[in-house]
Every structure is written in C-alpha cells, then in structure tokens.
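Working notes, structure below.
Protein chains in written order, with the working numbering: chain A, 1 to 449; chain B, 450 to 898.
Written out as structure tokens, the structure reads:
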C-alpha cells in the first residue's frame, strides 16, 4: 500500500549497522531520532545497534511491519525482500544497487525481484535509489552524512526524482535555501512504484501543494499523461525532462535505459495534460515554490515596487520578455503613496521607485496600496537590502503583505550574506524569494498559465 | 587625469567625520586601513578624525593631492570642488547626491559643477555615485558598512555600473561568491567621466582581463561603439543594458534621464563593435568570469565529465541549446580512462559518466585525458560533491587541471553549504564555477564567440 511508504506506524531497518560508514547506520539513526512510529533494527550479525535490539530477520518481529528499508549487499537483497513479502510488509524501500543499472547479472536480479512481489500486496520503491524523505511522518532513508547532504525544512513542495544523484544534490541545495518540502522521493530503477503511482498518491496528499518531477523517460507516457490530467485539477505539476536533445537522449539511454521518443512529442503531450515544463534545475524550483505558496494570477498586470531604479527597469524588461504587462496604478494608489514620499518626488509610476532612502514603512504603504489596487493582478517587490535606511524589519512588512494579499507576491533581492539571510527567512515563512528580478518575473509568469 | 582616480599617491577625504553614521567616516576609515598612498582628512568642523589631523580645506594641505573624495552636503559640495580645482587636484570622486537626479535646483547645481571644471585638468566621477573600489591600489570609497555590503577579493574583472544601487548589490553578491574584481566603478550622473572614458582607461589596465558594463543609456552611442571596438582587441566587454522593452525604457528615462533609442539599434551597434550582450545579472557575471579567467574556445566540441548521469544529460541538452557540440573522444582518451573505471563499466562515451563511486583520482585521469584529446575544444566538469567517495581533494584535481590546460574549463556543482564552500575555493583560484550545468554551459558558450 503506498501509504505505508509515507505514513507507516512501524518501520524495520534491514541492514542496520553499528558502523557509521554503512548506510544502514545512518538510516537507523534517522528513524530513531525522528520517525514518529515504532522502529525495529534488523541484522543477523548484530545483537544491538544504537542501543536497539537487533532482530535476525524481519520475520522475527512480532508486530506487523508497515515499512521495511533494505540496505544490504545485492547478494542478499532479494532474499530479504522475499522475507518481507512473507511477513506481509506493505512497503519496501530498496536502497541496494546492483540491479538493472549494472547490466549482466543485475538484469536477472531485477526480474527475480519483480517476480517476488508479483500478485502480493508488498510494494517496492527502488532498487538503486535514495528512497524517501518525508517531513511530516519523518520517514527518512537518506544515508549520506548531513554535513554533505543537508535536509530541507517542512514545506508544501513534493519533489520526485528519477535520478538519485541529482535528487540529492538538489535536496542539499534546497536545504541551504530554506526551501520547504513535503516529500522527496528518489525511486531509482522503478522495478515497481513509478512516477504515475507517485503522482496518483501525491495528488491526494494534504501536505503537498505543488509537485516537481525530474524524469529521464516515463515508463508509460500515456499513463503519465492521464495521471497529470488528474493531478493538475488540484495541484500544479512541474516537469524537468532530461534528454531533450538527440545527444542528451543518447546519454539518457545509456544512463537509465529510458527511451522517451522525441522531446517535442513528450512536451506536447505533457503540456496538453496541463503540466508546466522547464529547462533547468533553477526553473524547476523557482516554479515549484511560487506554485506551492502563491495564488494564481487573475490577469497579467504586474505592479513593481523597488528602492533601486535600475532593478525596477530590469524587472520591467523581464516582465515584457516573459509575457506579463505593467499595471497602471489607480488614483487611490497614487494618492496613498504620495504622502509617504519625499517632497520633491512628484510622479508615482509603475515600476514604483521608492528611492534609495526608502524605509520599511514606505514599503508597507506601497504594498498595502497595490494589494488594494484593482488594476494590479500580482506584485513583484524588489529591495536593495544594503541601504542604510532599510533595516531587517522589511521582512515583517513583506510577510504581513504576503499574509493579507489574495494576489500573488514574490520578492527579489541581490546581495551577499546579510541579504541571503533575510531571503531565507522570508522563504521559510512562505514568501517565494529570488536572487534577481529576472528569476522573480519568470516565476511570477507561471502563475499566469 | 584618470590615473589619479585609480593610482593616486595622495588622497584627501573631504567631509571626514568622527560620526560612524556619516559616509565621510567610513570612507576615511577605508583609506586609513587599506590605501597604499598617503591619506589626508578634511573637515572645517573637526580637529582630528580617527587619530588623523583634520584640515579645514583641501587647500591647506601642503603636499599635492591626486585624489579628493567629496562626501559633504549638496549645499557645500560645489564650493569644495572649486577648492579642489584651485588646488589642482587631478581626480575628484563626488559622492554627494542632490544634483540632476532630483530635478529643480539640482539641475542648476550640476551645470555649475560642469562649468567649475571646464578647461581645467580636474576630472570628476559622479556626482550621486558610490565611486571606486580598486583592489590593487585600495582606493575604496564604498560608504556602506561592511556587514551590509561585503567587499569582493582582488581579481581580473572590472565592473562599471551606471546605477550605484545595482552596483552595490552586485558587489555584495560577488563578495559572497568570492568573485574577484580588479575595479568597481559607480559613476552616477556622469557630469564628467563617462563609460567611454572608463573603457578607454580600463583597456590599458594591467589588472583587468574582462570588463562588465551595466548601463541604462550611453551618453554618446557612437563614441561608446568606438571605445568598445578599441577595447575588444585585447579585452572582452560584456554589457547589460536596462530599458530593453518600451516599458523598461520609459522607466529608464524617469530614473536617470537616459535616452537610448531602440534597443535593437543599440544591440546591433554594440554587437557589431564586438561586445557581448546579456539579459540579466546572472549572465553578466557568469560571462565576465569565464572571459576573465579562461582562454577562448578554438572549436565548439565540448567534453563533459560527471559523476552523476542526470547532470551529464542536462549538460548535454544545454550544450545543444546553446550552440555547442559534443566531442567524440579519441581512442587514446578511451584507452586511458577505461583502466580507472570499475570492471563492469564498458563504454567510454561523452558525456563521460565516472559514476557515483568516482574518486578524485578518477576525475584526474579523465581530465588529463580530455586536456590532451585533440577532439575536445573545451571541458565542462560536473560533480555531485555529496557522494561518499569524493572528498574535498577534488578541488586540487580541478585546479591542477585548470592550471595545465590551454583549453577552457568550467565547473558546476549543485548543493548546499559544503558544496558552496568548495565552489568558492575554486572560484577564488581562477576556475569559474556555476551552481548548475545550464549556467556552466551558457558561460562556456560565450567563449565560442
């Protein structure tokens, strides 16, 4: 049952180890520290690991086991899975590599694995995967040490990756940027559970507001199209497809054996189904974040607020480039902003330049006006956080605007450590932030689709 | 004389102040701490500032003054400049705002300023500017506190910005990324020195290998075109022009009064002159860095090395998208890499997937082979630095390859803090690094022009 992967009451870590270099050590530690259910350690060669009694086999555990995480060498892994099937384990995350991806004997091993679970109720994610990082149930099979691979905070984005390596790198990056995830799923060789199963599950997941999928080739294009059609009724789906070019596709075939046919056909089908396609990793999360945390644009008219004229111009250029328009401010907006500006400031225009000595209060007045202005469909706020008049209280002003607006708001600021700390604070509290006007605009533009 | 701005022997800080909130305080502190020449403090209301004797006027200084930095209120600033002219100061950085940019009385003030220096040998950068940050002579007029605006290390990129605000934000960002600059120049209202003067100076500057220009509108398009033609004979010039769209141009007119005419005309002229145009701030520095630190591509054939298949595919896609091609490796390359790969690894292809258990030694073998391979014009190295087999010694391998290669090399890795620390180390030592394959490829592609 798929819910056993994400909301198990009991979990067995098979291959639990006292050796900190072994995957089974890190994974057991994750579960002991964070998992909300009950954890069992399994390893026939150990009596106790991390102060936990060690079972010789999953079959020795008296209680039912919802989830088994298998991190044993490939020469044992199928036997272990067979025991899980006998034990009626609902979900197996099979970390072990050495299956189809190595060719030769690995191909036979994967066929045997499929036969083992055929007709049973046991489902498998993997083999050759990183597995699951779920910020709600705290199922966490990530086995790399945290100093190399940080863990992102809880949030509303689900990220599914056919590539474990790429998934882990992106997870690590997301953690540093304080981008909140509901779930990360690396499903490896997809001997059983595939992207279609995961979409069907995630579309009903209450913690997930947007879904990001990195894929090299779908197992079944038609089924994926249908799953996307079902999902986008309630949640947006962003897809990064590797192997767009002929050369890239050749590389994809050699990497995962994925055969996708022409990218144009894929792109056409996915777009028709309602997915948002992107070109690269930056876009993937830039889109996923804004889609998870902001409402859709009801029109294309954007209001820009800035304290640096140059940024306002670049942002304007980017709006036009990405199919958005500049709103004409209402009389009420002009009337409510003029009083907070210096005396020699005469014209309230869009982009609204609050000029270099802008304070957080001036931003508050501007944002409140644009939130009320019916001519404005969405707001892009830009700040030079380096100026002497703008203190960190700008974050409160932005979060306050974000919480009371029913229009989308995004924020961009370019800068060093101080700026980046403020950006992460905002990001963590649900305001999507970007390091440049260009990226903020591109993200805003997907809300118009 | 323009060299008095960048290589003065003596400098007077006019408006030097004991009050840490005043610009004249921070600037004097910069000079006392770092400037390689002799510094004088000037302020009629102070006797001593930061343990330095304070002169009432620049005219009271007995020695000649090459550079004066003026940070006094606008009601005094022209008088102060007049004294500098009498003192035969070669270069004045006029930080003071309240000139043309405020309209009204400011316009008259700027006209008066121009008249003051007409026919004299005194040159002015500003008014309404941040001035100069020179990592060689340590002339540094940046007046924002360092916790808000960090200072980048010494390097080979010169960055000229018509917008001080944008310039400071980008400077701060560059510092955090450890991107090395030779000079940063914010020239404000360009009452005197403009982008053409600066290009003509920088093209002979021995510390500068590439020049980045952010501009809202050139003062004299034809003169700029000629200056670029002269400059690109020895150094590449990257231009980010704000106000590309009609809406953006309107905003530019209201911001700096810059009138550029159609962007298409501008773009055509600048490209014809040999400049590289870019769309946004990321590209501006992504291009500037690779141009400053890497040789040109002699052909379009790229070799890709990675330890993650997914990244290799994305990189391949990006190469095709940006007009590059994938090299076919020579027999010698294949022969020299096979022995360092695991036994069941059979095919050496491009992108070269060193697979997930790649060590730094495996990277060394691959990079050495590609450096020697005549079919390969440029190398894009990618790494998942999160894997357990790849330690920080990969940085030595990459820097070693970079130092011995006469082909361009760039590096990309996606990840969190650990990854970012390694990237900055590489960046500091002259290997351009990028947070994604896409950006590495885009940068590499400008070396083909």
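Built from N, CA and C at the ideal position, the CB exists for glycine as well.
Predicted model only: the values in this text are computed from it and were never measured.
When we look at the beta-carbon of residue i and count the other beta-carbons within 10 Å, is it buried (16 or more) or exposed?
i              : result
residue 148(A) : buried
residue 849(B) : exposed
residue 461(B) : buried
residue 459(B) : buried
residue 558(B) : buried
residue 100(A) : buried
residue 787(B) : exposed
residue 576(B) : buried
residue 494(B) : exposed
residue 796(B) : exposed
residue 793(B) : exposed
residue 391(A) : exposed
residue 765(B) : buried
Assuming the contact rule is C-beta atoms closer than 8 Å, residue i and residue j should be a hit. Round their C-beta distance to whole Å, please.
i              : j              : result
residue 592(B) : residue 475(B) : 5 Å
residue 767(B) : residue 887(B) : 5 Å
residue 214(A) : residue 198(A) : The Cβ separation is near 12 Å, so there is no contact.
residue 112(A) : residue 78(A)  : 6 Å
residue 900(B) : residue 739(B) : Past the boundaries of the shown model lies residue 900(B); chain B is included only from 450 to 898, so the question cannot be answered.
residue 361(A) : residue 330(A) : Not a contact, Cβ separation roughly 21 Å.
Short of 6 Å in beta carbon distance, which residues of its chain neighbour residue i, apart from the five on each side in sequence? Order them along the chain.
i              : result
residue 74(A)  : 96 and 98
residue 194(A) : 219
residue 91(A)  : 4, 5, 67 and 123
Where does residue i fall in DSSP's three states?
i              : result
residue 573(B) : strand
residue 132(A) : strand
residue 399(A) : helix
residue 216(A) : coil
residue 566(B) : helix
residue 158(A) : strand
residue 353(A) : strand
residue 683(B) : coil
residue 548(B) : coil
residue 895(B) : helix
residue 140(A) : strand
residue 182(A) : strand
residue 204(A) : coil
residue 391(A) : coil
residue 291(A) : helix
residue 378(A) : strand
residue 516(B) : strand
residue 617(B) : helix
residue 239(A) : strand
What's the C-alpha gap between residue i and residue j?
i              : j              : result
residue 755(B) : residue 618(B) : 33 Å
residue 838(B) : residue 24(A)  : 17 Å
residue 833(B) : residue 181(A) : 21 Å
residue 627(B) : residue 52(A)  : 46 Å
residue 857(B) : residue 720(B) : 23 Å
residue 723(B) : residue 716(B) : 11 Å
residue 123(A) : residue 67(A)  : 10 Å
residue 785(B) : residue 818(B) : 7 Å
residue 535(B) : residue 468(B) : 29 Å
residue 283(A) : residue 761(B) : 18 Å
residue 781(B) : residue 131(A) : 39 Å
residue 713(B) : residue 681(B) : 21 Å
residue 365(A) : residue 395(A) : 14 Å
residue 511(B) : residue 451(B) : 22 Å
residue 83(A)  : residue 71(A)  : 14 Å
residue 115(A) : residue 81(A)  : 11 Å
residue 691(B) : residue 727(B) : 10 Å
residue 136(A) : residue 804(B) : 32 Å
residue 176(A) : residue 866(B) : 6 Å
residue 245(A) : residue 769(B) : 7 Å
Can you list, in chain order, the residues of its chain with a C-beta nearer than 8 Å to that of residue i? Leave out the 5 residues immediately preceding and following it.
i              : result
residue 744(B) : 855, 856, 857 and 896
residue 729(B) : 689
For residue i, which residues of its own chain have a beta-carbon under 7 Å away from its beta-carbon, when the five flanking residues on both sides are left out?
i              : result
residue 234(A) : 203
residue 737(B) : 606, 659, 661 and 687
residue 415(A) : 385 and 386
residue 49(A)  : 16, 17, 18, 28, 41 and 43
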